[in-house]
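A short worksheet on the structure shown next.
In this note's numbering, the protein residues as written are 1 to 437.
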């Protein structure tokens, strides 16, 4: 039996799978896999050379890596219209290198979103600085520039902005704010490669941008990442931190030794070969996710108490995650009930909330490096940052009761699969009375 709504979409009242009815989505969707024959052949060519990596951790022509690493960086810079691209072995490594390259040090504060992957903030801790969490925009989930300004103190040296879920943050206002307060900005575009903010690519607007190439991103090399900058000095410092800076600065003649503590953050030739082929596919793969999201939004229109993704003016969205907002009061039930019903129908890759970073034990107990509370207890830190519940009310409300996401990153959705997901939502909404009971 069905009834109709003003959306012209039937509301099915078949018994929910949660209560023993037939499950709507019975077969798992195909896992996302952008790797094809081109990547296989590129890897084989590298294997035949026997040169899987060509870095030396000293001042040498091979300090910058092998031919394919350099070619990949050249092509990345050209694609994203920046002067410098520096490959790394993960986005986490890239974030650590970026914070270090800016000269952030113990005693400094860096503003960051609480609604992001944990590495965005731990990269700050890595250099002995203190993360200060600013609230997010409840529509885009990106850091809110108006709440950010209230977090600025004399200790603030930088801002780390995350382009969360696939669209850029409000970079115009953030860069204006940063310029006014003489702050540097890092843009974590791990989830937004190919997204645009006006006529610029996400990740290219700040002083340093960082992208992820790990296995469930839009394009990937297994693990990997890329930093970009238009500042030659920052690019140089990123390259040094990537490859054993302390062993190189003397021979290279680097005068600024701040944070010249280097690592092995190097990408190898195999990953670079894959990256060259993957970059060719980025536009298509991002457009495919955007098309799936557009189709799903059209098919969910009319469901009461459900808000489909918001795209800010001037932005494009590449939908690493398809983010929904629930109104539990209007629905008359908690998010968990809706989540359980959708999961029982077979809707894949559902997410409740997201990481609320300052609630992690590391911040609540202020134990990170060693047992004595560094960096918060450091004698060079004169601040008094709060990680109490209530500091970011928009993020907390979404985390606690209102956010529901579908990870488009995890599957290659066909039109038929999108329609099945939409049908599952309509089935659940057609049985809200039963769920409330």
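Where a beta carbon is used, it is the ideal one built from N, C-alpha and C, also for glycine.
Same chain, Cβ closer than 8 Å to residue i, five either side skipped, listed in chain order
{"i": "residue 99", "result": "110, 123, 124, 126, 127, 129, 158, 160, 186"}
{"i": "residue 215", "result": "222, 223"}
{"i": "residue 247", "result": "57, 58, 262"}
{"i": "residue 424", "result": "24, 25, 342, 345, 346, 347"}
{"i": "residue 74", "result": "85"}
{"i": "residue 118", "result": "355, 357, 360"}
{"i": "residue 71", "result": "272, 276"}
Beta carbon of residue i nearer than 8 Å to that of residue j
{"i": "residue 394", "j": "residue 35", "result": "no"}
{"i": "residue 88", "j": "residue 267", "result": "yes"}
{"i": "residue 294", "j": "residue 345", "result": "no"}
{"i": "residue 296", "j": "residue 112", "result": "no"}
{"i": "residue 163", "j": "residue 192", "result": "yes"}
{"i": "residue 387", "j": "residue 358", "result": "yes"}
{"i": "residue 360", "j": "residue 396", "result": "no"}
{"i": "residue 265", "j": "residue 93", "result": "yes"}
{"i": "residue 350", "j": "residue 406", "result": "yes"}
{"i": "residue 102", "j": "residue 184", "result": "yes"}
{"i": "residue 108", "j": "residue 155", "result": "yes"}
{"i": "residue 116", "j": "residue 188", "result": "yes"}
{"i": "residue 177", "j": "residue 148", "result": "yes"}
{"i": "residue 66", "j": "residue 51", "result": "yes"}
{"i": "residue 114", "j": "residue 392", "result": "yes"}
Rounded straight-line distance, which links the Cα of residue j to that of residue i
{"i": "residue 438", "j": "residue 244", "result": "Within the shown structure, residues of the chain are numbered from 1 to 437, placing residue 438 beyond reach of any answer."}
{"i": "residue 281", "j": "residue 364", "result": "42 Å"}
{"i": "residue 403", "j": "residue 389", "result": "18 Å"}
{"i": "residue 237", "j": "residue 258", "result": "10 Å"}
{"i": "residue 63", "j": "residue 303", "result": "57 Å"}
{"i": "residue 373", "j": "residue 314", "result": "43 Å"}
{"i": "residue 81", "j": "residue 204", "result": "8 Å"}
{"i": "residue 6", "j": "residue 301", "result": "Residue placement at residue 6 cannot be trusted, given a pLDDT of 37 that sits under 50; the coordinates are not used to answer."}
{"i": "residue 319", "j": "residue 371", "result": "40 Å"}
{"i": "residue 298", "j": "residue 249", "result": "56 Å"}
{"i": "residue 451", "j": "residue 411", "result": "This structure leaves residue 451 out entirely; the chain is present only between 1 and 437."}
{"i": "residue 2", "j": "residue 307", "result": "Note on residue 2: pLDDT 37, under 50, position unreliable in the model; no value is reported."}
{"i": "residue 207", "j": "residue 197", "result": "16 Å"}
{"i": "residue 33", "j": "residue 27", "result": "18 Å"}
{"i": "residue 202", "j": "residue 352", "result": "26 Å"}
{"i": "residue 290", "j": "residue 90", "result": "25 Å"}
{"i": "residue 45", "j": "residue 275", "result": "14 Å"}
{"i": "residue 310", "j": "residue 30", "result": "27 Å"}
{"i": "residue 106", "j": "residue 254", "result": "22 Å"}
{"i": "residue 20", "j": "residue 401", "result": "26 Å"}
{"i": "residue 173", "j": "residue 96", "result": "25 Å"}
{"i": "residue 438", "j": "residue 55", "result": "Summary: the structure shown does not reach residue 438, with the chain confined to residues 1 through 437, and so no result is reported for it."}
{"i": "residue 15", "j": "residue 436", "result": "14 Å"}
{"i": "residue 256", "j": "residue 241", "result": "12 Å"}
{"i": "residue 376", "j": "residue 153", "result": "15 Å"}
{"i": "residue 288", "j": "residue 220", "result": "16 Å"}
Counterpart residues of residue i in DSSP-defined beta bridges
{"i": "residue 404", "result": "324, 352"}
{"i": "residue 211", "result": "226"}
{"i": "residue 439", "result": "The chain is shown from 1 up to 437; residue 439 falls before or after that span and cannot be answered."}
{"i": "residue 369", "result": "374"}
{"i": "residue 306", "result": "326"}
{"i": "residue 184", "result": "158"}
{"i": "residue 264", "result": "243"}
{"i": "residue 146", "result": "Looking at the DSSP assignment, residue 146 forms no beta bridge with any residue, so it has no partner."}
{"i": "residue 201", "result": "196"}
{"i": "residue 131", "result": "110"}
{"i": "residue 31", "result": "411"}
{"i": "residue 86", "result": "227"}
{"i": "residue 136", "result": "143"}
{"i": "residue 439", "result": "As displayed, the chain neither begins before 1 nor continues past 437, which places residue 439 out of reach and without an answer."}
{"i": "residue 115", "result": "356"}
Same chain, Cβ closer than 7 Å to residue i, neighbours up to 5 away in sequence not counted
{"i": "residue 235", "result": "84, 86, 229"}
{"i": "residue 367", "result": "373"}
{"i": "residue 79", "result": "279"}
{"i": "residue 292", "result": "408, 413, 418"}
{"i": "residue 69", "result": "87, 267, 269, 272"}
Close-in-space but distant-in-sequence residues of the same chain around residue i (CB under 6 Å, 5 per side omitted)
{"i": "residue 76", "result": "85, 226"}
{"i": "residue 144", "result": "135, 136, 137"}
{"i": "residue 286", "result": "194, 218, 318"}
{"i": "residue 277", "result": "38, 39, 42"}
{"i": "residue 132", "result": "109, 111, 151, 385"}
{"i": "residue 239", "result": "86"}
{"i": "residue 316", "result": "195, 196"}
Check your understanding: So does the stretch 340-353 actually touch the stretch 196-215, counting three or more Cβ pairs closer than 8 Å?
Key -> no
Check your understanding: When the Cβ atoms of the stretch 328-335 are set against those of the stretch 428-435, are three or more pairs found closer than 8 Å?
Key -> yes
Point to revise | Given 8 Å, three or more beta-carbon pairs between the stretch 371-381 and the stretch 132-151 | key: no
Practice item. Could you tell me whether the stretch 414-425 touches the stretch 163-178, where touching means 3 or more Cβ pairs closer than 8 Å? Key: no
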